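Okay, so the sequence shown: first residue is 84 according to my numbering, each after it adds one.
Glycine is no exception: its CB is placed at the ideal position from the N, C-alpha and C atoms.
Just so we're clear, the structure is a prediction, and the values are computed from it rather than from any experiment.
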Amino acid sequence: MKFDQRLDKISERQIEISGQLNGPGISADDRVRLSKEYAELSPIMAAAAELRRIRDGMAELGKLIADPDSDQDFR
């Protein structure tokens, strides 16, 4: 499984957990277990968001560098 696919699965799991935590009829034990799992996934998702932001920035810079009409100072 590719890295990005793994991050997508983790994101899906966090969304699923959030829905379960906000749903009706959750037991106290399940709430504790799911809250812990959600907390463990949160730093991973924060790092994934930062990674995506950096990748997007790099892609934009690549376009700027490749554009022959861009200012020479940007290349």
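When only Cα atoms are considered, aspartate 112 and methionine 128 end up about 24 Å apart.
DSSP places glycine 106 outside any alpha helix (DSSP H), giving it a letter other than H or E. Here the alpha carbon of methionine 84 sits roughly 15 Å from the alpha carbon of serine 94. In this structure, DSSP gives proline 151 a state outside helix and strand, which the three-state scheme calls coil. DSSP, read as helix, strand or coil, puts lysine 85 in coil. For alanine 122, same chain residues with a beta-carbon under 7 Å away, outside a window of 5 residues either side, do not exist.
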